[in-house]
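In the working numbering, the protein residues as written are 22 to 165.
Beta carbons: idealized from backbone N, C-alpha and C, even for Gly.
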Amino acid sequence: MRRTAVAAALTRYPVSAMLKEGRLHRRSTRIKPALTTENKHMRVEHVLSYIDDATHNFEPMENVIHIDEKWFNQDKNTRTYMLLEGELPPQRDRKSKNFIPKFKKPCTGIKHSCNHSQPEEVPINTSKKDTIQDGYITVSSIRS
Numbered sequence: 022m023r024r025t026a027v028a029a030a031l032t033r034y035p036v037s038a039m040l041k042e043g044r045l046h047r048r049s050t051r052i053k054p055a056l057t058t059e060n061k062h063m064r065v066e067h068v069l070s071y072i073d074d075a076t077h078n079f080e081p082m083e084n085v086i087h088i089d090e091k092w093f094n095q096d097k098n099t100r101t102y103m104l105l106e107g108e109l110p111p112q113r114d115r116k117s118k119n120f121i122p123k124f125k126k127p128c129t130g131i132k133h134s135c136n137h138s139q140p141e142e143v144p145i146n147t148s149k150k151d152t153i154q155d156g157y158i159t160v161s162s163i164r165s
């Protein structure tokens with residue numbers, strides 16, 4: 022509400038009064054994916070590549086870790102607008118939310134391990150034979 026009042030060069034009171042009277046209302050919009058038929062077929066083929074041909078079950082993905090650089094969107098996927106009666110929110114469409122302009126921030130990926138043979142205490146110098154992946158990955162920022 023404060024941003025709307027500043028953008029309209031008003032105080033917050035008229036904006037809040039218009040909200041209470043129903044002349045102004047809040048509306049959220051999301052970026053909708055514009056998937057082509059080719060994109061849909063590629064997605065299905067990608068999922069089918071993880072099916073084991075012998076058992077017709079999905080392969081366990083316990084040994085797959087996706088590590089990538091940390092990217093941040095310059096625009097949000099969901100945006101809230103204050104609209105007058107009869108006013109429509111602006112059309113926000115892109116091919117998908119992956120097409121929002123991005124910027125990169127250097128980060129590190131750290132895998133957490135735990136020793137399941139001794140759950141109450143985990144020594145600092147455990148060997149790799151005694152440790153297994155506990156499923157958590159931490160991404161932390163690198164400060165320069």
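For H46, which of helix, strand or coil comes out of DSSP?
strand
Please report the residue range of the alpha helix (DSSP H) in which T25 lies.
R23 to A28
T25 classed as buried or exposed, judged by whether at least 16 other C-beta atoms fall within 10 angstroms:
buried
For I72, does the count of other Cβ atoms within 10 angstroms reach 16, so buried, or fall short, so exposed?
exposed
Pairwise C-alpha distance: S117 and N78
30 angstroms
Looking only at C-alpha atoms, which of L105, L109 and F93 sits nearest to K125?
F93
Nonlocal neighbours in the same chain, by C-beta distance under 7 angstroms from R51, ignoring five residues either side
N98 and T99
Euclidean distance between Cα positions of T152 and E80:
Low confidence applies here, because T152 scores a pLDDT of 43, under 50, leaving its location unreliable and the question unanswered by this model.
Among F120, I121, R115 and L105, nearest to H46 - alpha-carbon criterion:
L105
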